[in-house]
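Here is the structure we will look at, set down as structure tokens.
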Amino acid sequence: MTESENIVAETAERIFADLADAQTINGSKDGAWKGPLWHALAEAGLPLSWVPEDCDGSGASLAEGFGVLSAAGRSALAVPLAETMLAGWLLAQAKIASPSDTMTVAPANPKDRIALNADGTLSGRARGVPFAKGARFIAVLAHGADGIAIALVAIASCRIDPGLNLADDPSDTVIFNNAKPLVLKPAPAGFDQTALMLMGAVTRSLQIAGALESMLEISVRYSNERVAFEKKISKFQAVQHNLAKLAGETSAALAAASSAADAIANAEAFDDALFLEAAAAKIRCAEAAEKGAAIAHQVHGAIGFTQEHILHRYSLRALAWRDDFGHESHWGVELGKLVAARGADELWPLVASR
11 MTESENIVAE TAERIFADLA DAQTINGSKD GAWKGPLWHA LAEAGLPLSW
61 VPEDCDGSGA SLAEGFGVLS AAGRSALAVP LAETMLAGWL LAQAKIASPS
111 DTMTVAPANP KDRIALNADG TLSGRARGVP FAKGARFIAV LAHGADGIAI
161 ALVAIASCRI DPGLNLADDP SDTVIFNNAK PLVLKPAPAG FDQTALMLMG
211 AVTRSLQIAG ALESMLEISV RYSNERVAFE KKISKFQAVQ HNLAKLAGET
261 SAALAAASSA ADAIANAEAF DDALFLEAAA AKIRCAEAAE KGAAIAHQVH
311 GAIGFTQEHI LHRYSLRALA WRDDFGHESH WGVELGKLVA ARGADELWPL
361 VASR
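For the sequence shown, the working numbering gives the first residue as 11, with consecutive numbering after it.
Given below as structure tokens:
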């Protein structure tokens, strides 16, 4: 990580430590912490990290933005920072200026399609759109007769069917009923919905890996505090074995997510090699989320399931993030299709090149 990447990530971590402390948020019933947190993030330019300065953004690099996402995952952040960053990145592909307010992105499911009508309006349904209900704008990738377009749409012009994910964060269905975009431009050549899904998959992979880091830290600390049969449970071989497995899952997720993020940050196009990195990262991080959450809760016992304990803030979000922008089964099938299409002789060179 370069010095500038360190500075951006450290800025995010300081804001999260000051205004997004897990225990404070966990005890909050009115969500009053969200306003000051978002104000601080906006003042630092983090929500528009991936938006160039000529599109009213911060002009940070992809790598710097990925560092922010890792920090957000370690804080199990429950505000649309990642979604606004992703929306800004999508709008920037078509040189559309980003508004200085909360955004989300659609579609968030590989099987959903938004249609661009002949009159320039949008129609269709996008399921599982994170934080749609609380956002002000939505960046949309739409399919029209002349190709793919990118649009900035006011949430007020759409119908929102509220929903919740496992962590009780908004995961809504957005219905476009001839919605008129505020801005509409064609997507650049070669850019398609798969590229958006891959970027979203890596975003969620980094957040999952960050959450696993926190789950490991919390579990190790708890094992050194909890006493059973007159000794700390960290002294029991079974607990040590579980913590070692949790550390292994965390390391695997970090390696996969970081490698995919590095590939995107240095790639010129969303080619097969990048597809392999991003799809593999989402598959591995989703698997690590399932196994890691189970281990962390097993170490904590019943206390980890209570609303009063912070562990569920991390475990439930890591599990919920598995489904966004394609779950592991989807990417497993798509990765299999890619390998089959390239042929047996191309498999090893593709894998070995990463």
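By construction, the Cβ of each residue, glycine as well, lies at the ideal position given by its N, Cα and C atoms.
Quick caveat: nothing in here was measured; it's all calculated off a predicted structure.
Alpha helix (DSSP H) segment containing residue i, residue limits
| i | result |
| --- | --- |
| threonine 112 | Note, threonine 112: premise wrong, no alpha helix (DSSP H); not H, not E. |
| histidine 322 | 321 to 331 |
| histidine 337 | Counting along the chain, histidine 337 falls outside any alpha helix (DSSP H), and DSSP gives it neither H nor E. |
| glycine 77 | 72 to 84 |
| glycine 302 | 282 to 310 |
| proline 57 | Careful: proline 57 lies outside any alpha helix (DSSP H) and carries neither H nor E. |
| leucine 194 | That residue, leucine 194, is in no alpha helix (DSSP H); its beta strand (DSSP E) goes 193 to 196. |
| proline 117 | Unbroken run through proline 117: none, as it is neither H nor E. |
| valine 361 | 354 to 362 |
Backbone CA spacing between residue i and residue j [nearest angstrom]
| i | j | result |
| --- | --- | --- |
| aspartate 156 | glycine 200 | 14 Å |
| alanine 362 | arginine 24 | 39 Å |
| arginine 123 | proline 140 | 16 Å |
| proline 191 | alanine 164 | 7 Å |
| isoleucine 243 | alanine 296 | 28 Å |
| serine 224 | valine 212 | 19 Å |
| serine 325 | leucine 100 | 28 Å |
| lysine 255 | arginine 323 | 21 Å |
| valine 7 | tryptophan 48 | Residue numbering for the chain in the displayed model covers 11 to 364; residue 7 lies beyond these limits and cannot be assessed. |
| alanine 92 | glutamate 278 | 22 Å |
| asparagine 252 | isoleucine 305 | 6 Å |
| proline 180 | valine 115 | 13 Å |
Residue i in three-state terms, based on DSSP
| i | result |
| --- | --- |
| proline 380 | The structure shown does not extend to residue 380, since the chain is modelled only from 11 to 364, so the question has no answer here. |
| threonine 316 | coil |
| proline 46 | helix |
| alanine 271 | helix |
| glutamate 167 | Rather than glutamate, the amino acid found at residue 167 in this sequence is serine. DSSP places serine 167 in helix when its eight states are reduced to three. |
| serine 215 | helix |
Top-ranked residue by Cα proximity to residue i, from the options
| i | options | result |
| --- | --- | --- |
| alanine 128 | Gly154, Arg24, Val61 and Leu51 | Gly154 |
| alanine 145 | Val193, Pro196, Ala177 and Ala88 | Ala88 |
| alanine 125 | Leu326, Ala189, Glu63 and Glu20 | Ala189 |
| leucine 208 | His337, Gly302 and Asp40 | His337 |
| alanine 350 | Leu286, Ala299, Arg332 and Ser59 | Leu286 |
| proline 193 | Ala161, Pro117, Ala275 and Ile218 | Proline is not the amino acid found at residue 193; the sequence shown has valine there. Residue Ala161 is the option with its Cα nearest to valine 193. |
| threonine 131 | Phe280, Leu151 and Lys121 | Leu151 |
| isoleucine 17 | Ala257, Ala166, Ser339 and Ser59 | Ser59 |
Residue i: first and last residue of the uninterrupted beta strand (DSSP E) it sits in
| i | result |
| --- | --- |
| threonine 183 | 181 to 189 |
| isoleucine 124 | 124 to 126 |
| leucine 151 | 147 to 154 |
CB contact check: residue i to chain B, cutoff 7 Å
| i | result |
| --- | --- |
| threonine 204 | The chain inventory of the structure shown lacks chain B, comprising one protein chain alone. |
Neighbour-count burial assignment, residue i, 16 or more Cβ in a 10 Å radius
| i | result |
| --- | --- |
| glutamate 235 | exposed |
| arginine 352 | exposed |
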